[in-house]
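At position 74 of the sequence shown the residue is numbered 74 (UniProt numbering), and the sequence of numbers has no breaks.
Just so it is clear, CB atoms sit at the ideal spot from N, CA and C, and this is done for glycine as well.
For clarity, every value in this text was computed on a predicted model and none was experimentally measured.
Quick notes on the structure that follows.
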Amino acid sequence: MGLLSFIKEAGEKLLGHADAQAAEDPNAANQTAADAIKNYINTQGLDTSNLTVAFDGASRTVTLSGSVADLDTKAKVKVAAGNVQGVAGVNDDDLQPDDPEVQYHDVKPGDTLSAIAKEVYGDANKYPAIFEANKPMLSSPDRIYPGQKLVIPPQS
1 MGLLSFIKEA GEKLLGHADA QAAEDPNAAN QTAADAIKNY INTQGLDTSN
51 LTVAFDGASR TVTLSGSVAD LDTKAKVKVA AGNVQGVAGV NDDDLQPDDP
101 EVQYHDVKPG DTLSAIAKEV YGDANKYPAI FEANKPMLSS PDRIYPGQKL
151 VIPPQS
């Protein structure tokens, strides 16, 4: 898919230590950030055994390479890596399997999963499909925030 953009001011706060370290040793800071992001992906219950995570502090970009089990896991890994405060983009060019165009949605103030489902599917009652596609990053359909990027599964 290439580069997926994120709002760098939104998301999980994982990179504070790496940002503070960046002035002294940018390479160490990038490695610290990459490790924090990979650990965060692991905490979501996603298999990262064949996944490599790199971070470039100058461009605020995460690069994912290696392989994951399936397209569903790939989409979840990408949004988990990108929904981190300080990350502006996720590059997945070297992450297997190759995926068809996946649809994403940037959460805006006032959005609900029902409103998003109505917008993309024409039916607010299809919000559980969006919720399921974003588990375990979403623990509840009510816990979304502005700036978060969500996976929108194809309509079934």
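Open item on the list: Within 10 Å of its beta-carbon, does T43 have 16 or more other beta-carbons around it, so buried, or fewer, so exposed?
Closed with: exposed
Task: Simplified DSSP assignment, three categories, for T112 - done: coil
TODO: Would you kindly work out how many angstroms separate the C-alpha atoms of S59 and G86, rounded to a whole number?
DONE: 10 Å
Open item on the list: I'd like to check one pair, I152 with V120: are the Cβ atoms closer than 9 Å?
Closed with: yes
Task: Endpoints, the beta strand (DSSP E) within which Y104 is located - done: 103-106
Open item on the list: Taking 8 Å as the cut-off, does the stretch 90-102 touch the stretch 112-130 (at least 3 CB pairs, one atom from each stretch)?
Closed with: no
Task: Contact check, A127 vs S114, beta carbons under 9 Å - done: Strictly speaking, residue 127 in this sequence is Tyr, with Ala absent from that position. Cβ atoms of Y127 and S114: closer than 9 Å.
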